[in-house]
Amino acid sequence: MGISTSYSKAEIEIKEAKLKQIFASGLHEKPLKIGDPLPTAIGGYVLASVGDYSFGTAPANKWNVGFLSSDGWEIVNIDMPQATQFIPAFTTSTFPLVSTTGNPIQRTHENSIWQLIIGQTASASDIPGSNNNGKWVKLGSIKTTSIPAGKIYLTKTQLYKTSI
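Counting with the working numbering, you get residues 770 to 933 for the letters of the sequence shown.
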């Protein structure tokens, strides 16, 4: 997910310039916590928490970096990718499920995402991944991980590609 269309060209250019500055100076390994003494080494510091730092506020649902330059401290925040669609669990479905071109049916089951083949009807006994007469197609696996605050490890390329 990139920058939303509500950003102006000038705002995009500013964010891009800030990211380039941060990456040119490098991200420091240790996340900065609210109340920590402010580091004096120029560069970017992942902010470990949402809230008020002495140099600004780190908002929720953003990847926040405190950036120290020769001009002082500022917070650079980047939109976090958000799910675009909720896919319900197969076990909570109301049956029958009927998949049409205008209404494709997707469900999660046993850490995977499944799609009912267009033109098929599924009952509660047509469980994805079982012997279901070829009614379901597996679209992918669901990977569940938990990353504690301040433990976001992205390469410069990954962050740049997902943020701008």
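All C-beta atoms, glycine included, are put in the ideal place defined by N, C-alpha and C. Since we're looking at a predicted model, the values are computed, not measured.
By Cβ distance, which residues of its chain are closer than 6 angstroms to residue i, with the 5 residues on each side in sequence left out?
i	result
G909	I882
Between the C-alpha atoms of residue i and residue j, what's the straight-line distance to the nearest angstrom?
i	j	result
I847	D805	22 angstroms
N833	I911	26 angstroms
K904	I874	11 angstroms
G888	D895	14 angstroms
S868	F836	50 angstroms
K778	S899	50 angstroms
A829	G841	23 angstroms
K831	A817	12 angstroms
E879	Q854	19 angstroms
A810	I783	22 angstroms
So for residue i, helix, strand or coil by DSSP?
i	result
E785	helix
A779	helix
Q889	coil
T877	strand
G909	strand
Ordered along the chain, which non-local residues of its own chain (more than five positions away) have a Cβ less than 7 angstroms from that of residue i?
i	result
L885	L866, S868, I874, A891, K904 and W905
Q: Counting only runs of 3+ residues fully inside the segment 803-860, write out the beta strand (DSSP E) ranges in chain order.
A: Taking only runs of at least 3 residues, the beta strand (DSSP E) segments lying wholly in the segment 803-860 are 812-816, 820-822, 825-827, 831-838 and 841-848.
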